[in-house]
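Engineer: Quick one: this structure, given as structure tokens, is what I'll be asking you about.
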């Protein structure tokens, strides 16, 4: 699960031209939010990390 997350973050960083460090930080914070709240994980029985944490 961590490898996939790191790979996606790497893809975002490599495919995006950021105007500033703040722009990079904002983009990464948004991705983490999406990842934790919207993307189900097979390792978590097809729940999002937030759903799995609540269970």
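Numbering (the working numbering), first residue to last: 1 to 55.
In this text, a Cβ means the ideal position worked out from N, Cα and C, and glycines have one as well.
Note that the coordinates shown come from a computational prediction; the quantities given were computed from them, not determined experimentally.
Measure the alpha-carbon distance for residue 10 versus residue 30 and round it to whole angstroms.
Structural biologist: Mapped onto the chain shown, residue 10 falls at position 10. Mapped onto the chain shown, residue 30 falls at position 30. So the alpha carbons of these two residues sit roughly 14 Å apart.
Engineer: Would a C-beta distance cut-off of 8 Å place residue 38 and residue 27 closer than the cut-off?
Structural biologist: Position 38 of the chain shown, counted from the start, is the residue given in the question as residue 38. Position 27 of the chain shown, counted from the start, is the residue given in the question as residue 27. Not a contact, by the Cβ cut-off of 8 Å.
Engineer: Whole angstroms are fine: how far does the CA of residue 35 sit from the CA of residue 46?
Structural biologist: To locate residue 46, count along the chain shown from 1; it is residue 46. To locate residue 35, count along the chain shown from 1; it is residue 35. If you take the alpha carbons of residue 46 and residue 35, they lie about 13 Å apart.
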